[in-house]
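Novice: The structure under discussion is supplied below as C-alpha cells; questions concerning it will follow.
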Amino acid sequence: MVAEELGWFLSENMDSINGFNTVKGFLNLTVKDDVWTSALTQIAATPNYGHQESSAETVMVEYASPNTNKPLHLGHIRNILLGWSIANILKAAGKKVLTTQIVNDRGIAITKSMLAWKKYGHGATPQSTQTKGDHFVGDFYVLFAKKLSEEYQKWQSGPEAKKEFDVRKNQKWTPEEFFKKFKDEYFNKYSILGKEAREMLVKWENHDPETIQLWKTMNGWVLEGFDKTFETLGVSFDKTYFESDTYLLGKDIVQDGLQKGVFYKNDDGSIAVNLDDKKLGEKIVMRSDGTSLYVTQDIGLARQRHQEFGMDSMVYVVGNEQIYHFDALFAILEKLDEPYAKKLYHLAYGMVDLTTGKMKSREGTVVDADDLIEDMIQTATKESQERNEIADLSKDQQDLIRKNIALGALKFFILKVNPKKRMIFNPEESIELQGQTGPYIQYAYVRTAGLKKHFDNIDQNIVNQYVTLKTEEKDLIKLLVKYPSLIVEAAKTYDPSIIASFAYNLAKAYSKFWHECTILKATEPGAKEFRFQLSQAVGDALADSMKLLGVDMPLRM
RNA sequence: GGCCCCGUAGCUCAACUGGAUAGAGUACCUGACUACGGAUCAGGAGGUUGCAGGUUCGAACCCUGCCGGGGUCACCA
C-alpha cells in the first residue's frame, strides 16, 4: 500500500520518473529515456571517466617480495597481479601511490645455492648455459637439496643414526617415519653440507670479501631474472628494499620501547611484548643473544619507510598464512605510537592450490611463473593463427597482440577471484580464452575499436535526435553509470575482482547489444551516431577497467 | 587441542553486505553468419547454498552445535 502511494507520488512529481509497478512489497520505478541519453552524453564528455579527484593522501603498496634462491611461481603471480592492480585502483580512487618490494636476499637458504654453485658449478654462468638467471640459481638450490638427501641417505645406515633412532624407541616410529621427521635436526647436527652452509652464512655476516663477492654475483643473476619476469608482467616498483640492508633495523626502536615500558625483558634476556589485549599473546621482539627477528626488521622498516616517504597509510600484499604476524606487527606499532600505525592494512590473499593438491617446492609440484606465461603465449598464438585475423600485420605486431591476449587471460583469470579466497588452478586445462575471460573482454573492445574507421567526429545534435532507447542500450548506460562508485568500492575493500566483474558484465552487455542492434545500418534518426557514441564510451570503460587490472587492449586480435 | 578462514550447478567463480524466482562461465545437448569481426549470440538441461537447529515479515549471508577442508599457534621468514 505504501509502495503504491509512493509510486504514484514519485511518478507524478519527479520529471525523471515516468512509471512504476509494485511486486511483493517492492516498488519498481521506470526512469525516462532522456535520463539515460543525457547520462551518456555526460560520460562521453568526461575525460578519465570513473576516476576520482586526487587527494593528498599517499599510500604505499608492498607486494611481490621474493626470495633470491628460486624462481617465481604461480603463488607469486597472484601476489604480483594483486599488488599491481591494487596500486592502480588506489590511484584511480585519487590516492598517490608508491609501490615497493622487500627482497629477501640473505640467510641460510641463499647460502645453500651459493655453496652448491661453489662445489658443483665449475664456474658456469647463466650466459654460458643460456639459462635465465633466477632459474640458473634455483637449479643450484635444488641441487643442494638433492646432494643433502644423498648425504642423509648414506648417514642413515651409520652408527650415529642408529643411536638417534634408539633414543626415540618409545615413540614407536618406523625408520621411515623417524628419518622423515629427523631431517631438519640432521641438517643442524650432523650434516657436513649443513655445516658448510652455516659457515658460509657466518662468513657472509662477517663480510668475508670472497663470500660477499659470490653472493653479489649470484643475487645479481637472480634479480636480473626477476626483472625480466616483472617486465613481462608489466609491473614495476618505485622502491626496492633488500633484507641484507634492513635486517638490522628496528633494534634501536626495541631498546626505545624497552625504556618506555612498552616491551619487557625476560629472565633469559630476550625482549618481548604482551599483546593479550588484542588476543595475540606474547610476542618476542628480540632474541636473548640480542639479534633481531622478522618482526624486529618489519618494525624498523616501517619507520624507515615513513621517514623516507611520509606515507599516510600502507598496504602489505602478503599471503594469509602471515595473518598472525601482521596482526602482531600492527599491534606493536600502535603501542609504539607510530603515527601511521592505525592505517596499515594486510591484504591477506588466499593460497593458489592445484587441482592435484597443494603446490610444494620440495615435491616439485610448483607451477613456474615463466613456464606458465610461456604456455599461455603459445596457446594464444596457436588460437590466433587458426583464426587468421591478423596475418597481414608484422611479426612483431602479431607477437605483441598475442602476448596481450595471453597475459589478459592469465591476469583476468587470477584477478576475477576475490583475493581473500583460496583459489584453485588446473594446470591440465590451463586457462580458457573463451567465456568469462580476459580475451572475451578484449574482443568486445576490438569491436568498439573497429567501428572508428566508419566515423569522423560526430555531431552531438545528431546524437540527440535519438530519443527512444532499446533495453540493450539502457543496460549498457546503467552499467557505465555505476563505474565510478565501483572504483571507490574496489579501493575501499582492496578488491580488484569488483573491477574484473564490472569489465566482464559490460563486455557481455555489449556483445548482446552488438547482436540485437545494428549500428552502421541503423535507420532511426541519430541511431547510428548514438550507437557509435555509446560504443566508444563502452570501449573506453572496458579499456580503463582492464588497465586497472594491468591488462592492455589490442586494437585487433 | 586453542584461535582464524572457507564449504554455493560435475568443474571454476558470482550474488549490491539481511531482500524479489541464488546468477555467470565451462563441460553436455540444440539453434543463429549474403551482417559493424562467430574469441560472439539465443535456448535446454544442471541447486535441499555441507548437516541440524535458532533469530525474523524475509537467511547462502546473523547466532548455536556438529561434519569436512585449509591456515596458524618459533628466540624461522
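Once you know that position 72 of the first sequence is 172 in the numbering used here, the rest is easy, because the numbers rise by one and skip nothing. Built from N, CA and C at the ideal position, the CB exists for glycine as well.
1. What does DSSP give as the partner residues of residue 129 in its beta bridges?
2. Could you tell me how far apart the beta carbons of residue 434 and residue 443 are, in whole angstroms, since I believe they sit closer than 8 Å?
3. Can you check DSSP and say which residues form a bridge with residue 408?
4. Give me the Cβ distance between residue 591 and residue 293, rounded to the nearest whole Å; I'm assuming they're in contact under 8 Å.
5. Does the Cβ-Cβ distance between residue 637 and residue 143 come in under 8 Å?
6. Looking only at its chain, what residues have a beta carbon closer than 8 Å to the beta carbon of residue 364, apart from the 5 residues adjacent to it on each side?
7. Give me, in chain order, the residues of the same chain whose beta-carbon lies closer than 8 Å to that of residue 572; leave out the 5 immediate sequence neighbours on both sides.
8. Is residue 302 buried or exposed, if buried means 16 or more other CB atoms sit within 10 Å of its CB?
9. Less than 8 Å between the CB atoms is what I'm expecting for residue 635 and residue 568, so what's the real figure, rounded?
10. Do the region 164-182 and the region 315-329 meet, that is, are 3 or more Cβ pairs less than 8 Å apart?
11. Three Cβ pairs or more, each shorter than 8 Å: is that satisfied between the region 519-537 and the region 443-455?
12. Quick check on the DSSP output: the beta strand (DSSP E) that includes residue 453 runs from which residue to which?
13. Taking just the CA atoms, how far does residue 512 sit from residue 141?
14. When the Cα of residue 516 is compared with those of 185, 224 and 103, which residue comes out closest?
15. I need the straight-line Cα distance from residue 483 to residue 604, nearest angstrom please.
16. Where do the ends of the beta strand (DSSP E) carrying residue 64 lie?
17. Using DSSP with H/G/I as helix, E/B as strand and the rest coil, what is residue 165?
18. In terms of residues, what are the limits of the beta strand (DSSP E) holding residue 419?
19. For the region 342-357 against the region 384-398, are there 3 or more C-beta pairs whose distance is under 8 Å?
20. Can you tell me whether residue 367 is helix, strand or coil according to DSSP?
21. Any idea what DSSP makes of residue 151, helix, strand or coil?
22. Of the residues 424, 652 and 408, which one's Cα is nearest the Cα of residue 379?
23. Does DSSP put residue 537 in a helix, in a strand, or in coil?
Specialist: Inspection of the coordinates gives the following:
1. One-based indexing of the first sequence puts residue 129 at position 29. DSSP lists 120 as the bridge partner or partners of residue 129.
2. In the first sequence, the residue the question calls residue 434 occupies position 334. In the first sequence, the residue the question calls residue 443 occupies position 343. Contact between residue 434 and residue 443 does not hold, since the beta-carbon distance rounds to 11 Å and is not under 8 Å.
3. Translated into positions along the first sequence, residue 408 becomes position 308. Residue pairing from DSSP leaves residue 408 without any beta-bridge partner.
4. Taking the first residue of the first sequence as 1, we reach residue 591 at position 491. Taking the first residue of the first sequence as 1, we reach residue 293 at position 193. Contact doesn't hold; Cβ gap of about 49 Å is too wide.
5. As a position in the first sequence, residue 637 is number 537, starting the count at 1. As a position in the first sequence, residue 143 is number 43, starting the count at 1. Yes, the pair counts as a contact, with Cβ atoms nearer than the cut-off.
6. Reading the first sequence from its first residue, position 264 is the one you call residue 364. If we look at residue 364 and ignore the five residues flanking it on each side, its Cβ neighbours are 358, 371, 372, 373 and 374.
7. For the purposes of this step, residue 572 is taken as the residue at position 472 of the first sequence. Once the five neighbours on either side are set aside, the close Cβ partners of residue 572 are 609, 612, 613, 616 and 617.
8. Within the first sequence, the letter at position 202 stands for residue 302. In this structure residue 302 is exposed. Its beta-carbon is surrounded by fewer than 16 other beta-carbon atoms within 10 angstroms.
9. In the first sequence, residue 635 corresponds to position 535, counting from 1. In the first sequence, residue 568 corresponds to position 468, counting from 1. The pair is not a contact, with the Cβ atoms about 18 Å apart (cut-off 8 Å).
10. By the criterion of at least three beta-carbon pairs nearer than 8 Å, the region 164-182 is in contact with the region 315-329.
11. Touching, yes.
12. To locate residue 453, count along the first sequence from 1; it is residue 353. Run containing residue 453: 452-454, per the beta strand (DSSP E) assignment.
13. Looking up residue 141 in the first sequence gives position 41. Looking up residue 512 in the first sequence gives position 412. Looking at the two C-alpha atoms, the distance is approximately 30 Å.
14. Here residue 516 refers to the residue found at position 416 when the first sequence is read from its first residue. Residue 185 is the option with its Cα nearest to residue 516.
15. Position 383 of the first sequence holds residue 483. Position 504 of the first sequence holds residue 604. When rounded, the distance between both Cα atoms is 21 Å.
16. There is simply no residue 64 to check, as the chain begins at 101 and stops at 657 in what is shown.
17. The residue labelled residue 165 in the question sits at position 65 within the first sequence. Coil at residue 165, not helix or strand.
18. Taking the first sequence and counting its residues from 1, the one referred to as residue 419 is at position 319. Unbroken beta strand (DSSP E) run through residue 419: 413-419.
19. Segment contact: the region 342-357 against the region 384-398, three or more CB-CB distances shorter than 8 Å; contact assigned.
20. Against the first sequence, residue 367 aligns to sequence position 267. If DSSP states are grouped into helix, strand and coil, residue 367 belongs with coil.
21. Position 51 of the first sequence, counting from 1, holds the residue named residue 151. Reduced to three states, the DSSP call for residue 151 is coil.
22. Translated into the one-based positions of the first sequence, residue 379 becomes position 279. Cα-wise, what sits closest to residue 379 is 424.
23. What you label residue 537 is simply residue 437 of the first sequence in a count that begins at 1. Three-state DSSP puts residue 537 in coil, outside helix and strand.
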